[in-house]
Amino acid sequence: MAMERPNHTPFAFGMAPHPQQPNYALVPYSHQPSYDPSMASTPHPQQPNYSLVPYSQQPSYDPSTPQPQQASYDPSAPQHQQPGYPPMPMAPQPQQPGYAPFPGQPMPNPTPPPPLASCPVTVIGQQFCAPYPVDLTISEKSLSIGEGNFTVTDVNGNIIFQVKGVMFSLFDKRVLRDVAGNPLVTLRQKTLTAHRRWEVYRGESTELLFSVKKSSIIQFTTNLHVFLASNTTKDVCDFKIKGSWGERSCVVYHGNTKNILAQMHKKYNIQSVLFGKDSFGVTVYPNIDYAFIVALIVILYEINMDRSGKD
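The sequence shown begins at 1 in the UniProt record's numbering and counts up by one.
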């Protein structure tokens with residue numbers, strides 16, 4: 001009676017079928033034809049009581065029965081795809097659709113990118129429209145006389161604009177200048193207005209470019225309407241600023257749409273911590289006049305920081 005050969009899986013010892021010897025398998029010494037009990041005290045160096053024995057020398061060897069784990073060995077296939085190995089399911093990766101960090105957890109919906117303006121927006125100058133997003137930092141000057149003085153820098157720390165207040169003036173005015181000191185626009189607050197209206201003129205002239213006002217007299221969140229000079233009826237605003245001044249964040253929209261022109265958030269640096277001066281990070285999306293966006297952020301600051309008592 002032939003001794004039944006035990007079913008030894010390669011996983012039992014963490015070894016793969018030998019790729020160069022297709023007719024070999026792991027068989028205990030005690031089941032081998034030449035087994036000598038007196039030699040049992042000499043264990044196999046790595047797998048006690050086991051050695052590699054050809055199938056033809058095994059007690060239960062049947063030449064007519066193909067060996068499932070050896071007959072169809074493919075040296076080009078990965079180890080886990082060889083016959084006799086259980087399939088190894090591939091875990092989904094975080095970047096793949098359908099990935100959830102924990103079993104049973106609902107798959108979060110990906111956040112769609114914000115809708116951007118479909119056409120270029122130029123108010124102050126075409127030279128301030130870039131075909132790529134522009135990141136700016138607007139910092140209130142720490143050692144300056146008076147309020148409303150700002151420095152605007154790019155991602156490399158280069159100064160591209162400066163905003164300076166006009167002292168000894170009948171009006172509350174700010175002038176946005178380029179790095180060479182040339183006036184780009186003048187921001188002027190209108191007096192005796194309940195909506196805190198500001199008007200912006202080209203350079204230091206009287207050519208009106210746009211105006212900004214609060215959407216309502218009493219506000220708990222930031223909501224400003226921007227009207228171009230060509231919009232004489234002012235029934236619908238050309239641009240809108242919405243956000244939370246308490247969090248120092250806002251979004252600039254194109255009219256009453258959801259198309260985003262720029263976003264602002266609070267930045268923390270040495271000046272803001274030591275001197276209590278505000279600093280804002282602004283991202284201006286492609287083909288949007290970033291000088292125009294800077295002027296809007298300065299007006300937003302002035303409206304919210306105005307201590308005149310008018311609301």
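Here a beta-carbon is modelled for each residue, glycine too, at the ideal position from N, C-alpha and C.
Original post:
So, using beta-carbon positions, are His-225 and Lys-213 closer together than 8 Å?
Top reply: Position 225 of the sequence shown holds residue 225. Position 213 of the sequence shown holds residue 213. Taking 8 Å as the Cβ cut-off, His-225 and Lys-213 qualify as a contacting pair.
**OP:** Determine the extent of the beta strand (DSSP E) in which Ala-262 is found, giving its start and end residues.
**Re:** Stepping through the sequence shown from its first residue, residue 262 is reached at position 262. Element bounds for Ala-262: 260–266.
Original post:
Should Cys-250 be labelled buried (16 or more other beta-carbon atoms within 10 Å of its own) or exposed?
Top reply: Locating residue 250 in the sequence shown gives position 250, counting from the first residue. Counting Cβ neighbours within 10 Å, Cys-250 comes out buried, since at least 16 surround it.
Original post:
To the nearest angstrom, how far is it from the Cα of Cys-119 to the Cα of Leu-261?
Top reply: Counting from one through the sequence shown, the residue named residue 119 turns up at place 119. Counting from one through the sequence shown, the residue named residue 261 turns up at place 261. A direct Cα-Cα distance of roughly 10 Å separates Cys-119 from Leu-261.
**OP:** Helix, strand or coil for Val-236, going by three-state DSSP, please let me know.
**Re:** Position 236 of the sequence shown, counting from 1, holds the residue named residue 236. Three-state DSSP puts Val-236 in coil, outside helix and strand.
Original post:
Residue range of the alpha helix (DSSP H) that Leu-296 falls in?
Top reply: On the sequence shown, residue 296 is found 296 positions in, with the first residue counted as 1. From DSSP, the alpha helix (DSSP H) with Leu-296 extends over 290–305.
Original post:
Got a sec: is the Cβ-Cβ distance from Leu-208 to anything in chain B below 8 Å?
Top reply: The question asks about chain B, but that chain is absent: this structure has only one protein chain.
Subject >> Closest residue to Pro-286 among Pro-131, Val-123 and Ser-279 (Cα-Cα distance) >> reply: Locating residue 286 in the sequence shown gives position 286, counting from the first residue. Residue Pro-131 is the option with its Cα nearest to Pro-286.
Subject >> Boundaries of the beta strand (DSSP E) in which Arg-174 is found, first to last residue >> reply: Counted from its first residue, the sequence shown places residue 174 at position 174. Counting along the chain, the beta strand (DSSP E) containing Arg-174 begins and ends at 173–178.
Original post:
Can you pull the DSSP bridge partners for Pro-183?
Top reply: Indexing the sequence shown from 1 puts residue 183 at position 183. DSSP, once it has assigned bridges, lists Arg-177 as partnering Pro-183.
Original post:
My guess is that residue 312 and Leu-209 are in contact by the Cβ rule of under 8 Å, so how many angstroms apart are they, rounded?
Top reply: No information on residue 312 is available, as it lies outside the stretch 1 to 311 that the chain covers here.
**OP:** For Phe-239, count neighbouring C-beta atoms within 10 Å of its own C-beta (all shown protein chains included) and say buried if the count is 16 or more, exposed if not.
**Re:** For the purposes of this step, residue 239 is identified with residue 239 of the sequence shown, where counting begins at 1. By the neighbour-count rule (16 or more Cβ atoms within 10 Å), Phe-239 is buried.
Original post:
When we look at the beta-carbon of Val-200 and count the other beta-carbons within 10 Å, is it buried (16 or more) or exposed?
Top reply: In the sequence shown, residue 200 corresponds to position 200, counting from 1. Counting Cβ neighbours within 10 Å, Val-200 comes out buried, since at least 16 surround it.
Original post:
Under a three-way DSSP split, which group does Phe-128 fall into?
Top reply: Counted from its first residue, the sequence shown places residue 128 at position 128. In the three-state reduction of the DSSP assignment, Phe-128 falls in the helix class.
Original post:
Out of curiosity, what's the CA-to-CA distance linking Ile-299 and Gly-281?
Top reply: Within the sequence shown, residue 299 is the residue found at index 299, counting from 1. Within the sequence shown, residue 281 is the residue found at index 281, counting from 1. If I take the Cα positions, the gap works out to 16 Å.
**OP:** Below 7 Å CB to CB, which residues in the same chain sit around Lys-267 once its five sequence neighbours on both sides are set aside?
**Re:** Start at 1 with the first residue of the sequence shown, and residue 267 comes out as number 267. These residues qualify, in order along the chain: Thr-137, Ser-279, Phe-280 and Gly-281.
Original post:
For Trp-198, does the three-state DSSP call read helix, strand or coil?
Top reply: Sequence index remark: in the sequence shown, residue 198 carries index 198 (1-based). DSSP places Trp-198 in strand when its eight states are reduced to three.
**OP:** Could you give the DSSP three-state label for Ser-308: helix, strand or coil?
**Re:** Sequence index remark: in the sequence shown, residue 308 carries index 308 (1-based). With a pLDDT of 42 at Ser-308, under the threshold of 50, the predicted position of this residue should be treated as unreliable, though the coordinate-derived value follows. In the three-state reduction of the DSSP assignment, Ser-308 falls in the coil class.
**OP:** Could you name the residues of the same chain whose beta carbon sits closer than 7 Å to that of Thr-151, not counting the 5 residues immediately before and after it, in chain order?
**Re:** Start at 1 with the first residue of the sequence shown, and residue 151 comes out as number 151. Excluding residues within five positions, the ones whose Cβ falls inside 7 Å are Ser-139, Lys-141, Ile-159 and Gln-162.
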